[in-house]
Amino acid sequence: MALQPLLLATDSGLKPRIIMGSLGLAVIVSLIFIAVAYRLSTELGLDVQAEGVETRAKTLVHSLEFDAANHTQDSINTSYLEHLVAQHFNDSSIVVTYNGRAQEYGQVPADALAAKMRLINDADASGLIETEAQSYMWAKAQSDHLNLSVFLLTPVDVFAKGLDAVSKRLMLVSFITLWIAIWGALSLSAIISKHFEAINKRLRDAASRDTLTGLYNRAYMQEAFDARLQMSAHNNASVQGAFILMGLNKFKEINETIGSSGADECLKILAQKLSNLAPTECAIYRYGGDEFACWTDQSDEESIRAMARSFVQATQEAITVKGWSFNLSLAVGIALFPRDASASKDIIHCADIALQDAKRSRQAILFYNPQYDENTQLKALLRNQVPGAIARADFSMFFQPKVDLATGAIAGVEALARWHHPTLGNIPPDVFIPLVEQGREINAFSRLMLHTAIRQAKVWETAGKYIPVAVNLSPYNLLDNHLVEFVRRELEAAQLPAELLAVELTESATMFDVNLAQKVFTDFQAMGIKISIDDFGTGMSSMSYLQTLPIDCVKLDRSFIEHIQTNKVAHSIVACMVSLCHTLGKTVVAEGVETDSQAKALREIGCDQAQGYLFARPLRVNDQELIDWFRTEVPAVPMDSDIRA
Amino acid sequence: MLIKNLSPIDRGIRGIVAVVALVAALFFPDAIGDPLLRGILIAFGLLNAISLVFGNCLVYQIAGISTYKGANSSDT
């Protein structure tokens, strides 16, 4: 489905069409006027002639009457009549009817004419007879006191001489009218169409170009590209080349440092540099925001890379904006056509993916790799499957023991979920939790976790094992207004003492909103639930959180434990944190303990508990290993979806 | 500024028209009859004469068309 180009179009057909249209109109109007004028004047001429013929007939009658009166006789003088005819009516035919007798004088009308004469209506006084050869005007006149009537038939010329002067003038005027009409139409239409074309051009230009940088904008680029593809498809030629998408690294920071007008200034400078650098046949388009695009016909990766490199190097020169001098750094994503995609939308998408990856991996220039897209697509697929998985509770709960370092006995468990995907197998939380958060299913999921964990803890409690179960919460759970109520209800429904439930939030999670965290934590603490901070020490505000939030337990991040034996600094940090937490009355748990020596060092430092593969990996309830830890076997509570929201 | 936009044929036609109109109007007023028409003819003839002399038709210039095939820039 090809859209008609909007920005590339030209008005080339507009002006001639307006001119032709106006001319046509002028000619038609003039011709109508001329035709009507001619008919009018012809009719006028005929009317005048008819009057003339009538008058002649009347004159003849009066002459005969006068003559009869003069000679005091009641009959007409035929010789006088013949004399009159010969003198004054020698071009006509006359029929004189006296006392009932008709007598013809003058020229004898032809048979066809005679036939037509018989059709004459008695009521008319005059009329026009037309034959092929000649037109005739006839008139009747009657005498009042003599029984006399006269019928006069005279040939006429429709375009009579009397009409000459009028028709000449008429012709001249028609001609001049036509001339003026044509010239008028031409001028007017030319002026109008020029006006329109100018406006259209300005509008198109405004719509095609980006107002800040003056470069062609995305819409124009799309059209130009589509037109190019269409044309080569039409010519059966193939288009080859590369689509280059460039973006500034850390544009947001630049915006915050020098303000948006300064950032605009930056973009203008960058646009200028890029345009100057680009070879003349490759136009630089402003793709949007801080991104610029360019198409090149080259298909050789090396030369394209060289071109991209020249762009990147150009931007590395320091620029001065608003008194600040700094360097821009450009990231470039390149997609090859038609290798990576064969439609204009897709090739841009590929270049975009390459650009995002270049920015993420801090590489300057990156070619599109179909694999990137696959990962993204896979993630998108999984994300869509999350709600269904939660509804069907396609998860199972695993428990990882936390061990008391002094006694070696189990001090608690952390509940972890695994997603049983039909085709991908078990998906661990660190992969699917972000998807759940992105899909906004996190509240439903966390409630599922809490519900199951509480019931499992109850099962253990009933069997005589008072081992607290810890559930991980996400920062988004803090936004759930009914979370605390839900937990309270679940604890009541299961009749589980709150001390056997613990919640863990990662430190970066609590950075979300300290006030909110404080409120939720306080509520939990009031109920008796224990609160832990996970991955402690990796965030930016560890100490201030210790101060402001009601925490019971601190879990040291595994990165500190990993190097505790090899790195003196790590060792010191851990020792310090343990000491600090103890001073504040918090329990310390070490995460990710994998070797005996690490455990030993931690024991020496005085760390309270440890969790890690050294002791146990996450286990199911009916795994023998977990049964050994608990020293009792209990049934597993399945994760089911039958929970009240 | 008047630009040349008439070809030689165009100019020739306008010249003939000018001559006919002016001669008719000035030397045969009776044949024309109407003084108004005479005045129009004279004006008409003069316009065409000007076109002949300057090689420019104002209407052509406004419309942006040209029958002149020479080296001058015409706006289209």
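Line order of the protein sequences matches chains A and B.
All you need for our numbering is the position in the first sequence, starting with 1, plus 41.
All you need for our numbering is the position in the second sequence, starting with 1, plus 611.
Beta carbons: idealized from backbone N, C-alpha and C, even for Gly.
- Within chain B, the residues that A:TRP224 reaches when beta carbons sit closer than 8 Å: Along the first sequence, one-based indexing puts residue 224 of chain A at 183. What A:TRP224 touches in chain B: VAL670.
- Task: Tell me where the beta strand (DSSP E) around A:PHE656 begins and ends.
- Result: On the first sequence, residue 656 of chain A is found 615 positions in, with the first residue counted as 1. A:PHE656 -> no beta strand (DSSP E), and no H or E assigned at all.
- By Cβ distance, which residues of its chain are closer than 7 Å to A:LEU318, with the 5 residues on each side in sequence left out? Here residue 318 of chain A refers to the residue found at position 277 of the first sequence. Taken in chain order, the residues that qualify are SER351, PHE352 and ALA355.
- Verify whether the separation of the beta carbon atoms of A:ALA456 and A:PHE473 is less than 7 Å. As a first step, residue 456 of chain A is located in the first sequence; it is residue number 415 there, counting from the start. As a first step, residue 473 of chain A is located in the first sequence; it is residue number 432 there, counting from the start. No. Outside cutoff.
- Query: Can you list, in chain order, the residues of the segment 640-661 of chain B whose Cβ is nearer than 8 Å to any Cβ on chain A?
  - Reply: ALA642, ILE643, GLY644, ASP645, LEU648, ILE651, LEU652 and PHE655
- Item | Rounded Cβ spacing between B:LEU652 and B:ALA636 (contact assumed at less than 8 Å) | One-based indexing of the second sequence puts residue 652 of chain B at position 41. One-based indexing of the second sequence puts residue 636 of chain B at position 25. Their Cβ separation, rounded to whole angstroms, is 4 Å, which keeps B:LEU652 and B:ALA636 in contact under 8 Å.
- Message: Count Cβ pairs between the segment 594-609 of chain A and the segment 459-470 of chain A that sit closer than 8 Å; are there 3 or more?
- Response: no
- Message: With distance defined between alpha-carbon atoms, name the residue in A:SER385, A:GLY374 and A:LYS596 nearest to A:ASN410.
- Response: As a first step, residue 410 of chain A is located in the first sequence; it is residue number 369 there, counting from the start. Minimum Cα distance to A:ASN410 is reached at A:GLY374.
- Item | Best match in A:ILE614, A:ARG401, A:LYS420 and A:CYS594 for proximity to A:GLU603 [C-alpha to C-alpha] | Residue 603 of chain A sits at position 562 when you count from the first residue of the first sequence. A:GLU603 has its Cα closest to that of A:ILE614, out of A:ILE614, A:ARG401, A:LYS420 and A:CYS594.
- Item | Straight-line Cα distance separating A:ALA182 from A:LEU125 | Residue mapping note: residue 125 of chain A aligns to position 84 of the first sequence, counting from 1. Residue mapping note: residue 182 of chain A aligns to position 141 of the first sequence, counting from 1. Those two C-alpha atoms are separated by around 16 Å.
- What are the boundary residues of the beta strand (DSSP E) that A:GLY594 is part of? As a position in the first sequence, residue 594 of chain A is number 553, starting the count at 1. With the sequence shown as reference, residue 594 of chain A is identified as Cys, and Gly is not the correct amino acid for it. 594-597 is the extent of the beta strand (DSSP E) around A:CYS594.
- Query: Which word fits B:TYR679, buried or exposed, when buried means at least 16 other C-beta atoms lie within 10 angstroms of its C-beta?
  - Reply: Taking the second sequence and counting its residues from 1, one reaches residue 679 of chain B at position 68. The residue in question, B:TYR679, is buried, as its Cβ has 16 or more Cβ neighbours within 10 Å.
- Message: My assumption, with CB atoms under 8 Å, is that B:ILE673 sits in contact with A:ILE232. Please give the rounded CB distance.
- Response: Here residue 673 of chain B corresponds to residue number 62 of the second sequence, with the count starting at 1. Here residue 232 of chain A corresponds to residue number 191 of the first sequence, with the count starting at 1. Their Cβ separation, rounded to whole angstroms, is 6 Å, which keeps B:ILE673 and A:ILE232 in contact under 8 Å.
- Query: Name the chain B residues that come within less than 9 Å of A:VAL214, Cβ to Cβ?
  - Reply: Indexing the first sequence from 1 puts residue 214 of chain A at position 173. Those within 9 Å of A:VAL214 in chain B are ASP645, LEU648 and ILE651.
- Query: Quick one: what does DSSP say A:LEU307 is sitting in, helix, strand or coil?
  - Reply: Here residue 307 of chain A is taken as the residue at index 266 of the first sequence, counted from 1. With the sequence shown as reference, residue 307 of chain A is identified as Cys, and Leu is not the correct amino acid for it. Reduced to three states, the DSSP call for A:CYS307 is helix.
- Query: Of all the options A:ARG401, A:ARG327, A:ILE73 and A:HIS623, which has the alpha carbon lying nearest to the alpha carbon of A:ASP258?
  - Reply: Numbered from its first residue, the first sequence carries residue 258 of chain A at position 217. According to the sequence provided, residue 258 of chain A is Asn. The question's Asp does not apply to it. It is A:ARG327.
- Message: Going by C-alpha to C-alpha distance, which of A:ILE69, A:VAL77, A:GLY288 and A:ILE668 sits closest to A:LYS506?
- Response: For this step, residue 506 of chain A is matched to residue 465 along the first sequence. Selected option, being the one with the closest Cα: A:ILE668.
- Reference A:MET568, options A:PHE527, A:SER600 and A:ARG599, closest by Cα: Counted from its first residue, the first sequence places residue 568 of chain A at position 527. Checking every option, the nearest Cα to that of A:MET568 belongs to A:PHE527.
- Message: Rounded to the nearest angstrom, what separates A:GLU635 and A:GLU332 at their Cα positions?
- Response: Position 594 of the first sequence, counting from 1, holds the residue named residue 635 of chain A. Position 291 of the first sequence, counting from 1, holds the residue named residue 332 of chain A. Rounded to the nearest angstrom, the two C-alpha atoms are 47 Å apart.
- Query: Between the segment 53-73 of chain A and chain B, which residues of the former have a C-beta closer than 8 Å to a C-beta of the latter?
  - Reply: LYS56 and ILE60
- Message: Nearest by alpha-carbon distance to A:SER63: which of A:ASN290, A:ASP198, A:ASN663 and A:ALA226 is it?
- Response: Sequence index remark: in the first sequence, residue 63 of chain A carries index 22 (1-based). Looking at the Cα atoms, A:ALA226 is the closest of the given residues.
- Query: Using a C-beta cutoff of 7 Å, does A:LEU227 count as contacting chain B?
  - Reply: Residue numbering aside, residue 227 of chain A sits at position 186 when the first sequence is read from its first letter. It does: the Cβ of A:LEU227 has a partner Cβ on chain B nearer than 7 Å.
- In this structure, does DSSP put A:ASP435 in helix, strand or coil? Looking up residue 435 of chain A in the first sequence gives position 394. If DSSP states are grouped into helix, strand and coil, A:ASP435 belongs with coil.
- Task: Throw me the rounded Cβ distance for the A:LEU423 and A:CYS648 pair, which I believe falls under 8 Å.
- Result: As a working note, residue 423 of chain A is residue 382 in the first sequence. As a working note, residue 648 of chain A is residue 607 in the first sequence. So it is not a contact: roughly 37 Å between Cβ atoms.
- How big is the Cα-Cα spacing for A:LEU44 and A:VAL544? In the first sequence, counting from the first residue as 1, residue 44 of chain A sits at position 3. In the first sequence, counting from the first residue as 1, residue 544 of chain A sits at position 503. Note on A:LEU44: pLDDT 48, under 50, position unreliable in the model; the coordinate value appears next. Using only the alpha carbons, I get a separation of about 57 Å.
- Query: By DSSP, does A:PHE192 sit in helix, in strand, or in coil?
  - Reply: In the first sequence, the residue the question calls residue 192 of chain A occupies position 151. Three-state result, A:PHE192: strand.
- Item | Chain-ordered residues of the segment 226-252 of chain A with a beta carbon less than 8 Å from chain B | LEU227, SER228, SER230, ALA231, ILE232 and LYS235
- Going along chain B in order, which residues have a C-beta closer than 9 Å to the C-beta of A:ARG210? Working through the first sequence from its first residue, we reach residue 210 of chain A at position 169. The answer, in chain order, is ILE643, GLY644, ASP645 and LEU648.
- Message: Counting only C-beta atoms, is B:GLY666 closer than 7 Å to chain A at any point?
- Response: Stepping through the second sequence from its first residue, residue 666 of chain B is reached at position 55. Cβ-Cβ to chain A under 7 Å: no for B:GLY666.
- Residue interval of the beta strand (DSSP E) (run including A:THR337): On the first sequence, position 296 is the one that residue 337 of chain A refers to. A:THR337 -> beta strand (DSSP E) spans 332-337.
- Task: Specify whether the segment 238-251 of chain A and the segment 61-80 of chain A touch according to this definition: at least 3 beta carbon pairs, one from each stretch, less than 8 Å apart.
- Result: no
- Hey, is B:ILE602's beta-carbon within less than 7 Å of any beta-carbon in chain A? This structure cannot speak to residue 602 of chain B, because chain B is shown only from 612 to 687.
- Item | Option in A:GLU645, A:VAL561, A:GLN652 and A:GLN313 with minimal Cα separation from A:ASP576 | Taking the first sequence and counting its residues from 1, the one referred to as residue 576 of chain A is at position 535. Cα-wise, what sits closest to A:ASP576 is A:GLN652.
- Query: Under a CB-based cut-off of 7 Å, is B:ALA632 close to chain A?
  - Reply: Working through the second sequence from its first residue, we reach residue 632 of chain B at position 21. No, because no Cβ of chain A sits closer than 7 Å to the Cβ of B:ALA632.
- Please say whether A:VAL662 and A:ALA677 have beta carbons closer to each other than 7 Å? Position 636 of the first sequence holds residue 677 of chain A. Position 621 of the first sequence holds residue 662 of chain A. Yes, the Cβ-Cβ distance between A:ALA677 and A:VAL662 is below 7 Å.
- beta strand (DSSP E) containing A:THR628: first to last residue? The residue you call residue 628 of chain A lines up with position 587 of the first sequence. Per DSSP, A:THR628 belongs to the beta strand (DSSP E) from 628-632.
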